[in-house]
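S.K.: UniProt numbering applies: residue 1 is where the sequence shown begins, and numbers increase by one. I have a structure here, written as structure tokens, and I will follow up with some questions on it.
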Amino acid sequence: MSAATATLLGQVIATHTQRISDSLDRLKEDGSMPDLPVELQRVRRELLDAILELQQLVLGPKEALFLWARNNQATIRAVCEFDLARSFPIGATASFAEISEVTGIPEHNVRRIIRHAATEGIFEEAPKGTVRHTAASQMLAEDEVVRDYMDVCYGEIFPAMHQTVPAMKKWPQSQDRAQTGFALSQPGQPAFFDYLGAHPERARKFASAMSAYSSGPENAVSHLCDGYPWEALGPGTVVDMGGSTGYVSVALADRFPQLEFIVQDTPATIGKDASTETPRIKRIAHDLFTPQPVHGADVYLLRMVLHDFGDADCVRILRALIPALKHGAKVVLNEFCLPEPGTAGLFEEKQVRTMDMNMLSLFNSRERDVDDWKRLLAEADTRFRWERVLQPEGSNLSMIEVSWQSEECPEGK
């Protein structure tokens, strides 16, 4: 470990922490960070980078490897699976024996689970034998969306990750969605989205989990609202393809009253009554691989959709759009654009590389860099004209803007 490097990182941590502290009155009631202005978002990311790098330096390579290899998943899954956070009221305390009585878990296991969870900031024991809530355990107790996110992690995502290497060995060249770590983790189940279609409650939880993921500061829908020139469209229609429950369209509709929205997803995701309409937002069931039924819209938005699919399937999805596109229509891909190694902050790069591995585990798909996206669009059809990539400050996601150049309409008309 370089003492000079460690000292420099320590100074960055101290000064950046002070800058954030000086600008905040207090955290939100649930303990989470409030919305920060753009400059403080940058400071926060640099702070997280420095914390991660300093931790790696101080641990050294062996301890770092051992730390990542240790299993805290069993503990946190137990907290969630046995609903320990709701075993006693917020603002109250409980003994291990009382929690054992409520949950049915033997007291000695309650003790070891909670004491390990406390090292992750979930619960605290003070005084000895008395369990209190922390911000993290309170969030698990009160926020159903967070519980859904954790449920999906432990029910589908982590088991798929554990089976990724066996899947790579079994199907070394495969891009088949049914030949994945997920497939090995759920014997007899179809590919991931087919599995969700067959299990409506899991589909509901997955949609809820994705909305939770999108609420994080680096993935917030606000970046899409603020970072793309929606106002310049004038009155128009946006088709939110693979739009889950419609939370993105709701956010955009609140900000841009001149726009109307059509949310498309599977019947299981969008709800039993897939034609239910709300003001300026229509919801319809649609299979992405079939011809697009909404013709002549101004924007076709795909937010974190194509990263779920391999190249061949992405080409099919894009080609299914073509009959519906008018000249000049925009296709906006709100997706990760992988940075060149070492060009992004450590925290940002760790997040997007982790997502890339998740795509491998669940779908045999991947995240893509700018060149990958350009090749993919050109393969789908050369009439998809690459316009630009926008990445708002503080966002992990980029907005790739593509326009449709119809052969029937001369350039510039």
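We put the beta carbon where it would ideally sit given N, CA and C, even for glycine. The structure presented is a predicted model; accordingly, all values stated were derived computationally and were not measured.
Which residue from Val402, Tyr154, Ile322, Ile13 puts its Cα closest to that of Thr290?
M.R.: Ile322
S.K.: From the DSSP output, read off the bridge partner residues of Tyr228.
M.R.: Answer is none; Tyr228 lacks a bridge partner.
S.K.: Report the partner residues of Glu156 according to the DSSP bridge assignment.
M.R.: Glu156 is not bridged to any residue.
S.K.: Restricting to Cα atoms, I'd like to know which of Asn109, Ser249, Gly246, Asp287 is closest to Thr266.
M.R.: Asp287
S.K.: Out of curiosity, what's the CA-to-CA distance linking Val58 and Glu124?
M.R.: 26 Å
S.K.: Name the DSSP bridge partner or partners of Asn334?
M.R.: Arg303, Met399
S.K.: Along the beta strand (DSSP E) that carries Gln264, what are the first and last residues, could you check?
M.R.: Counting along the chain, Gln264 sits inside the beta strand (DSSP E) bounded by residues 259-265.
S.K.: Identify every residue that forms a DSSP beta bridge with Arg283.
M.R.: Val263, per the DSSP bridge assignment.
S.K.: Measure the alpha-carbon distance for Pro106 versus Phe158 and round it to whole angstroms.
M.R.: 26 Å
S.K.: Run through the DSSP bridge pairs and tell me what Gly236 is partnered with.
M.R.: DSSP output for Gly236 lists Leu259 as bridge partner(s).
S.K.: With a cut-off of 8 Å, does the C-beta of Gln405 fall near any C-beta of chain B?
M.R.: Included in the structure is just one protein chain, with no chain B present.
S.K.: At the level of alpha carbons, what is the spacing between Phe384 and Asp369?
M.R.: 18 Å
S.K.: Buried or exposed: where does residue 414 fall if 16 or more other Cβ atoms within 10 Å of its Cβ makes it buried?
M.R.: Because the chain is modelled from 1 through 413, residue 414 falls outside the range shown and cannot be assessed.
S.K.: So residue 419 is in the beta strand (DSSP E); what residue range does that whole segment cover?
M.R.: Within the shown structure, residues of the chain are numbered from 1 to 413, placing residue 419 beyond reach of any answer.
S.K.: Using the C-alpha atoms, what's the distance from Ser365 back to Ser174?
M.R.: 10 Å
S.K.: Is there contact here, the region 74-89 with the region 112-119, by at least three beta-carbon pairs under 8 Å?
M.R.: yes
S.K.: If you follow the beta strand (DSSP E) that Ala94 is in, where does it begin and where does it stop?
M.R.: Start and end: 93-95.
S.K.: In terms of residues, what are the limits of the alpha helix (DSSP H) holding Arg353?
M.R.: Looking at the DSSP string, the run of the alpha helix (DSSP H) that includes Arg353 is 346-363.
S.K.: Taking Cβ to Cβ, would you say Val294 is nearer than 8 Å to Val239?
M.R.: Yes, Cβ-Cβ distance for Val294 and Val239 is below 8 Å.
S.K.: What would DSSP say about Glu125, mapped onto helix, strand or coil?
M.R.: Looking at Glu125 - three-state DSSP - the assignment turns out to be strand.
S.K.: Please report the distance separating the alpha-carbon of Ser361 from that of Leu390.
M.R.: 28 Å
S.K.: Using C-beta distances below 6 Å, list every residue in its chain close to Ser395, excluding the 5 sequence neighbours before and after it, in chain order.
M.R.: Its chain contains His223 as the residues whose beta carbon lies nearer than 6 Å to that of Ser395, once the 5 sequence neighbours on both sides are disregarded; these appear in chain order.
S.K.: Just list the residues that DSSP pairs Trp404 with in beta bridges.
M.R.: Phe384
S.K.: Would you mind sorting Val38 into buried or exposed? The rule is 16 or more other CB atoms within 10 Å of its CB.
M.R.: exposed
S.K.: When you compare each of Gly60, Ala126, Gly104 to Ala94 by their alpha carbons, which one comes out closest?
M.R.: Ala126
S.K.: Would you call the region 137-157 and the region 212-221 touching, i.e. three or more CB-CB distances under 8 Å?
M.R.: yes
S.K.: Please classify Arg132: does DSSP put it in a helix, a strand, or coil?
M.R.: strand
S.K.: Near Leu184, what residues of its chain come up, given a Cβ to Cβ distance below 7 Å and the 5 sequence neighbours on each side ignored?
M.R.: Gln163, Pro166, Ala167
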